[in-house]
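Asks:
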Amino acid sequence: MNLCSEDIVNVDYEDDGGFQPKMCISDNYEDGDYEDHWMVTDNHPIKFCPFCGEEITISTVAEEDHKEELALLETEMDKMLKEIRRTDSKKKTEELNDQRRILDKRINYLYEFGEYENGSNN
1 MNLCSEDIVN VDYEDDGGFQ PKMCISDNYE DGDYEDHWMV TDNHPIKFCP FCGEEITIST
61 VAEEDHKEEL ALLETEMDKM LKEIRRTDSK KKTEELNDQR RILDKRINYL YEFGEYENGS
121 NN
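Structure (structure tokens):
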């Protein structure tokens, strides 16, 4: 098994434009304060493959623009929130909240620059 050919070099990577793409080694550990405990991930950027020593180069293959779709979904979310506030029916509120959660997942997924396909991310 050649780790460098598939698992290391051909990693699917999505850039949000806020930083340079980098390959990282992650250090996951549990931190805490008194009785509170949480998981922490420290990412350490690397420039060379830890297995073969070759330099790692990352290039952007394609960019997708989801601004229009995101704007439409956010407008739909605003309308839905107004309707939730106006209704007196608990059943209707529950149905609208279910729809709102699905819509919220779609919006969050697009913020992560992924493609949303109906039914796959519910």
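Using the numbering used here, read the sequence shown as starting at 1 and increasing by one per residue.
Note that CB positions come from ideal geometry on N, CA and C, so glycine has one too.
Please return the same chain residues whose Cβ sits closer than 8 Å to the Cβ of T87, not counting the five positions on each side in sequence.
Replies: Your numbering for residue 87 matches position 87 in the sequence shown. For T87, where only same-chain residues beyond five positions count, the Cβ hits under 8 Å are T93, L96.
Asks: Please state whether DSSP places D88 in a helix, a strand or coil.
Replies: Taking the sequence shown and counting its residues from 1, the one referred to as residue 88 is at position 88. Residue state, collapsed to three classes: coil.
Asks: Let me confirm a value: R106 is counted as buried when at least 16 other C-beta atoms fall within 10 Å, else exposed. Which label applies?
Replies: Locating residue 106 in the sequence shown gives position 106, counting from the first residue. Under this definition R106 is a buried residue.
Asks: Per DSSP, N43 is paired with what?
Replies: As a working mapping, residue 43 is identified with position 43 in the sequence shown. According to DSSP, N43 bridges with S26.
Asks: What is the rounded straight-line gap between the Cα of C24 and the Cα of C52?
Replies: As a working note, residue 24 is residue 24 in the sequence shown. As a working note, residue 52 is residue 52 in the sequence shown. Cα to Cα, C24 sits roughly 16 Å from C52.
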